[in-house]
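Participant:
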Amino acid sequence: MADDSDILVKVRDLHFERGDRMIFDGVDLDIPRGKITAIMGPSGTGKTTMLRLIGGQLRPSSGTVHVEGQHIAGLGHGALYQIRKRMGMLFQNGALLTDMNVFENVAFPLREHTELSNDMIRDLVLMKLHAVGLRGARELMPSELSGGMARRVALARAIALDPMIMMYDEPFTGQDPISMGVLVKLIRELNDALGLTSIIVSHDIAETCSIADYIYLLSNGKVVGHGTAEELGNSSSEWAQQFLNGYSDGPVPFHYQAKDYLADLMDGADQRAQSNGSSGVAS
Amino acid sequence: MSLNSIRTLGHKGLSFFQRLGRGSILLVNIVLGIPALLPRVRLLIQQTYSVGVLSLLIIFVSGLFVGMVLGLQGYNTLVKFGAEESLGVVVALSLVRELGPVVSGLLFAGRAGSALTAEIGLMKATEQLSAMEMMAIDPVRRVLAPRFLAGLISMPLLAAIFSAVGVLGGYFVGVGLLGVDEGAYWSQIQANVDYHDDILNGVIKSIVFGTVITWIAVFEGYDAIPTSEGVSRATTRTVVHSSLAVLGLDFILTALMFGES
Ligand SMILES: Nc1ncnc2c1ncn2[C@@H]1O[C@H](COP(=O)(O)OP(=O)(O)OP(=O)(O)O)[C@@H](O)[C@H]1O
Ligand SMILES: [Mg+2]
Numbered sequence: 004m005a006d007d008s009d010i011l012v013k014v015r016d017l018h019f020e021r022g023d024r025m026i027f028d029g030v031d032l033d034i035p036r037g038k039i040t041a042i043m044g045p046s047g048t049g050k051t052t053m054l055r056l057i058g059g060q061l062r063p064s065s066g067t068v069h070v071e072g073q074h075i076a077g078l079g080h081g082a083l084y085q086i087r088k089r090m091g092m093l094f095q096n097g098a099l100l101t102d103m104n105v106f107e108n109v110a111f112p113l114r115e116h117t118e119l120s121n122d123m124i125r126d127l128v129l130m131k132l133h134a135v136g137l138r139g140a141r142e143l144m145p146s147e148l149s150g151g152m153a154r155r156v157a158l159a160r161a162i163a164l165d166p167m168i169m170m171y172d173e174p175f176t177g178q179d180p181i182s183m184g185v186l187v188k189l190i191r192e193l194n195d196a197l198g199l200t201s202i203i204v205s206h207d208i209a210e211t212c213s214i215a216d217y218i219y220l221l222s223n224g225k226v227v228g229h230g231t232a233e234e235l236g237n238s239s240s241e242w243a244q245q246f247l248n249g250y251s252d253g254p255v256p257f258h259y260q261a262k263d264y265l266a267d268l269m270d271g272a273d274q275r276a277q278s279n280g281s282s283g284v285a286s
Numbered sequence: 048m049s050l051n052s053i054r055t056l057g058h059k060g061l062s063f064f065q066r067l068g069r070g071s072i073l074l075v076n077i078v079l080g081i082p083a084l085l086p087r088v089r090l091l092i093q094q095t096y097s098v099g100v101l102s103l104l105i106i107f108v109s110g111l112f113v114g115m116v117l118g119l120q121g122y123n124t125l126v127k128f129g130a131e132e133s134l135g136v137v138v139a140l141s142l143v144r145e146l147g148p149v150v151s152g153l154l155f156a157g158r159a160g161s162a163l164t165a166e167i168g169l170m171k172a173t174e175q176l177s178a179m180e181m182m183a184i185d186p187v188r189r190v191l192a193p194r195f196l197a198g199l200i201s202m203p204l205l206a207a208i209f210s211a212v213g214v215l216g217g218y219f220v221g222v223g224l225l226g227v228d229e230g231a232y233w234s235q236i237q238a239n240v241d242y243h244d245d246i247l248n249g250v251i252k253s254i255v256f257g258t259v260i261t262w263i264a265v266f267e268g269y270d271a272i273p274t275s276e277g278v279s280r281a282t283t284r285t286v287v288h289s290s291l292a293v294l295g296l297d298f299i300l301t302a303l304m305f306g307e308s
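Here the protein sequences line up with chains A and B, keeping their order. In case it helps, my numbering puts the first sequence at residues 4 to 286. In case it helps, my numbering puts the second sequence at residues 48 to 308.
1. Looking at residue 50 of chain A and ligand 1, is the gap between the Cβ and the nearest heavy atom below 7 Å?
2. Can you tell me which of A:74, A:46, A:39 puts its alpha carbon nearest to the alpha carbon of residue 56 of chain A?
3. With a threshold of 8 Å between beta-carbons, can residue 58 of chain A be considered close to chain B, or not?
4. If you follow the beta strand (DSSP E) that residue 92 of chain A is in, where does it begin and where does it stop?
5. In whole angstroms, what is the alpha-carbon distance linking residue 74 of chain B and residue 88 of chain B?
6. Do we get a CB-CB distance below 8 Å when we pair residue 19 of chain A with the residues of chain B?
7. Using the Cα positions of residue 25 of chain A and residue 224 of chain A, report the straight-line distance between them to the nearest angstrom.
8. Report yes if the C-beta of residue 172 of chain A is less than 7 Å from at least one heavy atom of ligand 2; otherwise report no.
9. Report yes if the C-beta of residue 46 of chain A is less than 7 Å from at least one heavy atom of ligand 1; otherwise report no.
10. Report the rounded CA-to-CA distance for residue 141 of chain A versus residue 149 of chain A, giving the unit in angstroms.
11. For the alpha helix (DSSP H) that residue 95 of chain B lies in, which residues bound it at each end?
12. Going by C-alpha to C-alpha distance, which of A:118, A:129, A:145, A:122 sits closest to residue 173 of chain B?
13. Please identify, using Cβ separations under 7 Å, the residues of the segment 170-187 of chain B that lie next to chain A, in order along the chain.
14. Looking only at its own chain, which residues have a Cβ that is under 7 Å from the Cβ of residue 192 of chain B, when we skip the five neighbours before and after it?
15. Could you check what DSSP says for residue 230 of chain A in three-state terms: helix, strand or coil?
16. Ignore the nearest five residues each way along the sequence and tell me which others in residue 15 of chain A's own chain have a CB closer than 7 Å to its CB.
17. From the DSSP output, read off the bridge partner residues of residue 70 of chain A.
18. If you reduce the DSSP assignment to three classes, tell me which class residue 101 of chain A lands in.
19. Do residue 168 of chain A and ligand 1 come close, with the Cβ less than 7 Å from some heavy atom?
20. Hey, residue 325 of chain B and residue 248 of chain B are a contact pair by Cβ (cut 8 Å); roughly how many whole angstroms apart?
21. Assuming residue 168 of chain B and residue 277 of chain B make a contact with CB atoms under 8 Å, what is their CB distance in whole Å?
22. Identify the residues that DSSP records as bridge partners of residue 217 of chain A: which are they?
23. Compute the Euclidean distance between the alpha carbons of residue 104 of chain A and residue 189 of chain B, then round it to the nearest angstrom.
24. Give a yes or no on whether the C-beta atoms belonging to residue 207 of chain A and residue 94 of chain A are separated by under 8 Å.
25. Taking 6 Å as the limit between beta carbons, can you name the residues of its chain near residue 195 of chain B, skipping five residues before and five after?
26. Between residue 5 of chain A and the rest of its own chain, which residues show a CB-CB distance below 8 Å, the 5 nearest in sequence each way excluded?
27. Measure the CB-CB distance between residue 286 of chain B and residue 256 of chain B and report whether it falls below 8 Å.
28. Using a beta-carbon distance below 8 Å, is residue 96 of chain A in contact with chain B?
29. For the segment 91-120 of chain A, which residues have a beta carbon sitting closer than 9 Å to at least one beta carbon of chain B?
30. Drop a sphere of 10 angstroms on the beta-carbon of residue 175 of chain B, count the other beta-carbons inside from all chains shown, and report buried for 16 or more, exposed for fewer.
31. Is any non-hydrogen atom of ligand 2 found closer than 7 Å to the C-beta of residue 95 of chain A, if you look at the structure I gave you?
32. I want to see whether chain B comes within less than 8 Å of residue 87 of chain A, judged by CB atoms only; does it?
33. Please state whether the Cβ-Cβ distance between residue 218 of chain A and residue 193 of chain A is less than 8 Å.
34. Do residue 159 of chain A and residue 204 of chain A come within 8 Å of each other at the CB atom, strictly closer than that value?
35. Comparing C-alpha positions only, which one of B:61, B:245, B:185, B:70 sits nearest to residue 81 of chain A?
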């Protein structure tokens, strides 16, 4: 493993619960500085939750998350907000502010955090919008955008402050092949040109494998495999093979935890029989 | 059976105090955010517009009708004692002391309070508040504090407008339709409405109501379960709770202010 100063985000023995449901059960992750790291896993395993833990919006039940050597859950309000200024996060659904148009949405963090003149802000916003191909859409309101467009505007907003870490939650979902290609290139370019550290959460295996330097596979609250795309592809791990090839049979469950299918169906039949029986008696 | 209902009661009680605690912490955070807001006049004007100015019409119309009804009822009673000259005082005192703050408080809760809760609740449900947090912008200071302050500024002004329009409404009915002497209407008001005892106390009431209504509205939105159902419930709770709070507080304040004299 690389030496400590190269690790920007360090997650150790992370446990997290939602009610009675264990989401993370001892997860260790290292996100190296300046690289693109992907976190992949089936839907509902807690990928979004992981990003929120890194951003300090949720607190782990036990275990630690360190960003740049700072213990996130232990930071006070001020320090947490200070470090968030250097994190950009692309939300799964965009989360644009609905009372402002596209331009103002991208300008929002700049207006809140900097004293830049209106001219400067305009130039910066147009640059960011140009990068995601939506410079012409600046006057539109969020309700007038498609899902894919909204996600790209959100990306422009997330990079407005030139963060140190970018977290992308499903950046490729809902993009057509052309904008998908542009986005893949953009994420790579942002990462290399600005010296960012990127974390990508995604199911799109081909795109993610093509740009990620390192991949973590999560399932059932644990890391079930990690390595470069090549290593994972060649690995003999059943988890990795199942996930990368999309087999429905294997160690990764497709179903949300549930009791046995047949038993569940039979239960229904039993109940129906019972209620029929009782109503029969009553009438 | 009875054990169960006691348990439910205890549970309800506990959750009430939990919410009260969360609400109080939120209120402290909002108030701490207000000084940083003062230089940002535009933000404040925007919110005062949507909270206050947009409530003007309903306040205006209601004030007019309430004043006209007061004029009519007051005249019918006073004329029996030959005291219809005093119509002005009756109308003005009822409005300034009671109906102005209370009725405009109830209208404010229904018009502005519900809108505030729904807006903030929806921002939460669509992760806009989360996104702000991740942009290192504290939604309590950026979203809640300006709305709270706007409510605080708007409510006393709306109550004052309500009372003023009401006095005019009483004038139209009393002087215009029923033939009360115009000079008597105004001079009686001037002579008998006390600045400190009546007007100031009414203003204090409306400030208290404004604070409580906006606090409840903002808290319910921020604390809403982030789903469509959660937001709709929160909106209903805002109207019900803040209306009850207005009526309850009105009794307490009235007892404190006018009880002894
Ligand atoms: N607010 C919440 N309350 C309770 N449980 C939640 C909540 N949010 C998420 N969960 C649970 O946490 C688990 C992880 O959710 P998360 O959103 O992190 O999944 P994900 O890996 O991002 O899935 P996807 O790929 O579909 O976006 C889910 O199983 C979900 O049931
Ligand atoms: Mg997700």
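For each residue, glycine too, the CB sits at the ideal point set by N, CA and C.
Facilitator: Checking against the coordinates, here is how it stands:
1. yes
2. A:74
3. yes
4. 90-93
5. 21 Å
6. no
7. 7 Å
8. yes
9. yes
10. 14 Å
11. 88-98
12. A:145
13. 173, 174, 175, 177, 178, 180, 181, 182, 183, 184, 185
14. 77, 80, 81, 84
15. strand
16. 31, 66, 67
17. A:12, A:73
18. coil
19. no
20. What the structure shows of chain B is the stretch from 48 to 308, and residue 325 of chain B is not part of that stretch, so it cannot be assessed.
21. 7 Å
22. A:40
23. 18 Å
24. no
25. 77, 261, 265
26. Reliability of the predicted coordinates at residue 5 of chain A is poor, the pLDDT of 47 falling under 50, and the value obtained from them is presented with this limitation in mind. Same-chain partners within the cutoff: 33, 35.
27. no
28. yes
29. 91, 92, 94, 95, 96, 97, 98, 99, 100, 101, 102, 111, 112, 115, 116
30. buried
31. yes
32. yes
33. no
34. no
35. B:185
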